[in-house]
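J.:
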């Protein structure tokens, strides 16, 4: 490194929202600072508003029909492509984790590896969900009766505050894998890894609107998520007080609310990569079909 | 009566649409053992030809006893480490294989058609993408095995697998065998068919390319003697075989004295039922697809076409009309429907059955359009009318583009006739009444029943037979169980 490069003034980035495959600045025009673990300025963030959430939900609702009808094989391949893209940005994401959390490089790298492997895991889940969570039911009537998991619809995800990459991925991958579309709020304090993932999504053949990302303030956005009547379910990392508010407001349109404790252990592969991971992402349809030779 | 061109058929005139890509083929291929292509210790090589031209494509090694032993040794040595690799790491190797197969799809498709004789549109749109899909699907199972088996706990692999595959779907059968085995942590010795080893060897190149650990997959080419050496080797914990019922039985006997797991995917005489309430035009299309796909060289082909009497005449007329428009000839032409038969001996076998049918009283209706090339092995699409259940061609597998036409009057008779077979691999049902469809499906003794469709395959869907069509399933969760010790 030459001395001249040390004098170079860096370009300061303002990270934008990710809605319908594009990167708009927030509707409200507000921004806030993105700081590293020592309080140094890394850039700025758009402060997402209730209006931005509405835009994102509209995008997610619009994408739901196509995405839920896409073959599981296609969804799997698109998720695999995401892992390919993230592998190429692994160093950048690790450095984002290290800078914003102050964790060691080794720990940051381990988290990135675990996150990318989790994407790979869900690339392989899309065409197994029905095999493992659905079944034929031996009813005592002349009917062919079977139950299949189906996507819930538009899922609002409140990403965990402290596991900014692995935890962030863990909350929305099952939903997208199962055919839901997602509006996700990134960690308020540590949003950078999530923003880097959002930058990789359009290059992964993800259709616009399948995954949307907002940055902003929990106290503003959580109530907006809970109250939005076109969000079908919530998977939210929330403390007890926040959870109660989400459930209460969500009851208005009977949102399925899955609450994840703020200190959840995202390294638990059985919990986050097993069938349990789909809780909140799928619901079940039973079909009775007659059998008769007439 | 031999009907070459039914009076109603228009005179089709086509411009050729040849596939231009030609993959490089080395003059000689060694065996793939322990991650390397090696010269056979047997010192023997055999010719591989293009069945559409009879031209020699290359020479491949003929594995002898020492070669098979070396392959088993390599697989045994690799097994422990491969099975102890975490599932999600094994998965990444399988995903790599799937991706490279997709990326080299055109090369694989052309190679398959050159070596097998099947139409390029089938290898391009069927064999190769399905093979890649099989690896992709099973890649996803590697880290989910504990959820695949009821009872919980992490199931282990069976061990070292000997896998013997046929010539009708050379690459797809390799994928069906290797992908689940590898996903579950097994290691393999694959024995491709004598006449069609080229895509399996090209797949071995891909395995090298993606750095699959040496010995995890070994490919031993050769003829029936090599197959016997594989089936008889005491080092295998499992033998998986796809091929004729006759050879399958011999393998079961050869393995009888050892506690070896078996999967047998054998012959069939698929019953294809067309009810009067079917959408007849679609059913005709399904019947054509059911017996002429891959020149009828399909174990699950719909070779017994049972049509309800009240629509039999209409159905027959439409079927013959449709058959007359099937283009027979150059497999490398993108518009060809029916390509070359894989070998002279198979062609002779098919023609022998047509002679028997004629002798036993069936009416032989040959069809198809296009001039047959002067070289190569060919059979025109053929329907046998007036076949009785006792006729040889209603009972034995022909494995060619020859369909036996029969009729029935009631559902009970349809089911009884369909089930009147030593085989039980596939069956088809055509009716617009879905309640009837499910009830008839329930009553058919077959491992796979297709409704208003035929010859449908998916990596997520188990395939396999009952009765003398063999046992074990390939594909989906049930196929996985065959490669797990649980």
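Protein chains in written order, with my numbering: chain A, 35 to 328; chain B, 3 to 488.
Glycine residues also receive a C-beta, built at the ideal position from the N, C-alpha and C atoms.
These numbers were taken from a predicted model, which means no experiment stands behind them.
(1) Would you kindly work out how many angstroms separate the C-alpha atoms of residue 1/B and residue 93/B, rounded to a whole number?
(2) My parser needs the beta strand (DSSP E) runs of 3 or more residues fully inside the region 189-240 of chain B; what are they?
(3) When you compare the CB positions of residue 226/B and residue 196/B, do they come within less than 9 angstroms of one another, or not?
(4) Output the distance between the C-alpha atoms of residue 459/B and residue 121/A, rounded to the nearest integer angstrom.
(5) Is there at least one Cβ from chain B nearer than 9 angstroms to residue 45/A's Cβ?
(6) Determine the chain A residues that contact residue 143/B at a beta-carbon separation under 8 angstroms, and present them in chain order.
(7) Identify whether residue 92/A lies in helix, strand or coil by the three-state DSSP scheme.
(8) Check this for me: beta carbons of residue 68/B and residue 220/B, under 9 angstroms apart or not?
(9) For residue 351/B, which residues from the same chain have a beta carbon less than 8 angstroms from its beta carbon, with the 5 sequence-adjacent residues on both sides left out?
(10) By the DSSP assignment, the alpha helix (DSSP H) with residue 136/B in it spans what residues?
(11) Can you tell me whether residue 323/A is buried or exposed? The criterion is at least 16 other CB atoms within 10 Å of its CB, across all chains shown.
(12) According to DSSP, is residue 47/A helix, strand or coil?
(13) Within 9 angstroms of any Cβ in chain B, is that where the Cβ of residue 251/A sits?
(14) Within the 9 angstroms Cβ cut-off, does residue 187/B reach chain A?
(15) Taking a Cβ distance cut-off of 9 angstroms, strictly less, list which residues of the region 102-115 of chain A are near chain B, in chain order.
(16) Applying the 10 Å Cβ sphere with the 16-neighbour rule, what's the burial state of residue 171/A?
(17) Given that a residue counts as buried once 16 or more other Cβ atoms are within 10 Å of its Cβ, and exposed if not, what is residue 438/B?
(18) For residue 19/B, count neighbouring C-beta atoms within 10 Å of its own C-beta (all shown protein chains included) and say buried if the count is 16 or more, exposed if not.
(19) In three-state DSSP terms, what is residue 334/B?
(20) To the nearest angstrom, how far is the alpha carbon of residue 247/B from that of residue 305/A?
(21) Tell me the DSSP bridge mates of residue 67/A?
(22) Identify, in the order they occur along the chain, each residue of the same chain with its Cβ nearer than 8 angstroms to the Cβ of residue 308/B, setting aside the five sequence neighbours on each side.
(23) Output the distance between the C-alpha atoms of residue 252/B and residue 40/B, rounded to the nearest integer angstrom.
(24) Just the C-alpha distance for residue 405/B and residue 368/B, rounded to the nearest angstrom, thanks.
(25) Using Cβ-Cβ distances below 9 angstroms, what residues of the region 435-469 of chain B are close to chain A?
(26) Please state if the CB of residue 290/B and the CB of residue 318/B are separated by a distance shorter than 9 angstroms.
(27) For residue 15/A, does the count of other Cβ atoms within 10 angstroms reach 16, so buried, or fall short, so exposed?
(28) At the level of alpha carbons, what is the spacing between residue 264/A and residue 186/A?
(29) Could you pull the start and end residues of the beta strand (DSSP E) that residue 318/A belongs to?
(30) Taking beta-carbon pairs under 9 angstroms, can you tell me which members of the region 290-318 of chain A lie near chain B?
(31) Flag residue 5/B as yes if its beta-carbon sits less than 9 angstroms from any beta-carbon of chain A, otherwise no.
(32) Determine the contact status of residue 200/A and residue 132/A, defining contact as a CB-CB distance below 9 angstroms.
(33) Along the chain, which unbroken stretches of the alpha helix (DSSP H) at least 4 residues long are found entirely within the region 418-458 of chain B?
(34) I'd like the list of long-range same chain contacts for residue 54/B, defined as Cβ closer than 6 angstroms, with 5 residues on each side in sequence excluded.
(35) List the endpoints of the continuous alpha helix (DSSP H) containing residue 83/A.
(36) On the three-state DSSP scale, how would you describe residue 310/B?
T.: Taking the geometry as given:
(1) Since the displayed chain B opens at 3 and closes at 488, residue 1/B lies outside it and no answer follows.
(2) 189-193, 219-221
(3) Your numbering for residue 226/B matches position 224 in the second chain. Your numbering for residue 196/B matches position 194 in the second chain. Yes, the Cβ-Cβ distance between residue 226/B and residue 196/B is below 9 angstroms.
(4) Reading the second chain from its first residue, position 457 is the one you call residue 459/B. Reading the first chain from its first residue, position 87 is the one you call residue 121/A. If I take the Cα positions, the gap works out to 33 angstroms.
(5) Along the first chain, read from residue 1 onward, the residue named residue 45/A stands at position 11. False, the Cβ-Cβ gap to chain B never drops below 9 angstroms.
(6) Taking the second chain and counting its residues from 1, the one referred to as residue 143/B is at position 141. In chain order: 158, 162.
(7) Residue mapping note: residue 92/A aligns to position 58 of the first chain, counting from 1. Helix, per DSSP.
(8) Position 66 of the second chain, counted from the first residue, corresponds to residue 68/B. Position 218 of the second chain, counted from the first residue, corresponds to residue 220/B. It is not a contact, given that the beta carbons lie outside the stated cut-off.
(9) As a position in the second chain, residue 351/B is number 349, starting the count at 1. The residues are 400, 401, 402.
(10) Position 134 of the second chain, counted from the start, is the residue given in the question as residue 136/B. 130-143 is the extent of the alpha helix (DSSP H) around residue 136/B.
(11) Stepping through the first chain from its first residue, residue 323/A is reached at position 289. Exposed, since its Cβ has fewer than 16 Cβ neighbours within 10 Å.
(12) Against the first chain, residue 47/A aligns to sequence position 13. In this structure, residue 47/A counts as strand in the three-state DSSP scheme.
(13) Within the first chain, residue 251/A is the residue found at index 217, counting from 1. No, residue 251/A lies away from the interface with chain B (no Cβ there is under 9 angstroms from its Cβ).
(14) Residue 187/B sits at position 185 when you count from the first residue of the second chain. By this cut-off, residue 187/B is not an interface position.
(15) 106, 107, 110, 111, 114
(16) What you label residue 171/A is simply residue 137 of the first chain in a count that begins at 1. When all chains shown are included, residue 171/A counts as exposed.
(17) Taking the second chain and counting its residues from 1, the one referred to as residue 438/B is at position 436. Classification of residue 438/B: buried, given that the 10 Å Cβ count is 16 or more.
(18) Working through the second chain from its first residue, we reach residue 19/B at position 17. Classification of residue 19/B: exposed, given that the 10 Å Cβ count is below 16.
(19) As a first step, residue 334/B must be located in the second chain, where it is residue number 332. DSSP places residue 334/B in coil when its eight states are reduced to three.
(20) By 1-based counting over the second chain, the position of residue 247/B is 245. By 1-based counting over the first chain, the position of residue 305/A is 271. Each residue's alpha carbon lies about 45 angstroms from the other.
(21) For the purposes of this step, residue 67/A is taken as residue 33 along the first chain, with counting starting at 1. Answer by DSSP bridge pairing, in chain order: 78/A.
(22) As a position in the second chain, residue 308/B is number 306, starting the count at 1. 273, 274, 275, 276, 408, 409, 410, 416, 419, 420.
(23) One-based indexing of the second chain puts residue 252/B at position 250. One-based indexing of the second chain puts residue 40/B at position 38. Approximately 30 angstroms between the Cα atoms of the pair.
(24) Within the second chain, numbered from 1, the residue matching residue 405/B stands at position 403. Within the second chain, numbered from 1, the residue matching residue 368/B stands at position 366. Using only the alpha carbons, I get a separation of about 10 angstroms.
(25) 435, 436, 437, 438, 439, 440, 441, 442, 443, 444, 445, 460, 461, 462
(26) Here residue 318/B corresponds to residue number 316 of the second chain, with the count starting at 1. Here residue 290/B corresponds to residue number 288 of the second chain, with the count starting at 1. The answer is no: Cβ separation not under 9 angstroms.
(27) Given a span of 35 to 328 for chain A in the structure shown, any question on residue 15/A remains unanswerable.
(28) Here residue 264/A corresponds to residue number 230 of the first chain, with the count starting at 1. Here residue 186/A corresponds to residue number 152 of the first chain, with the count starting at 1. When rounded, the distance between both Cα atoms is 12 angstroms.
(29) Within the first chain, the letter at position 284 stands for residue 318/A. It spans 316-324 - the beta strand (DSSP E) in which residue 318/A sits, taken as one unbroken run.
(30) 303, 304, 307, 308, 309
(31) Here the question's residue 5/B lines up with position 3 in the second chain. Interpretation of residue 5/B is limited by its pLDDT of 48, a score under 50 that renders its predicted location unreliable; the figure taken from the coordinates is listed afterwards. False, the Cβ-Cβ gap to chain A never drops below 9 angstroms.
(32) Against the first chain, residue 200/A aligns to sequence position 166. Against the first chain, residue 132/A aligns to sequence position 98. Contact: no.
(33) 436-445
(34) The sequence position of residue 54/B within the second chain is 52, counting from 1. Only 119, 333, 342, 378 meet the Cβ criterion.
(35) To locate residue 83/A, count along the first chain from 1; it is residue 49. Per DSSP, residue 83/A belongs to no alpha helix (DSSP H) and is neither H nor E.
(36) By 1-based counting over the second chain, the position of residue 310/B is 308. Residue state, collapsed to three classes: strand.
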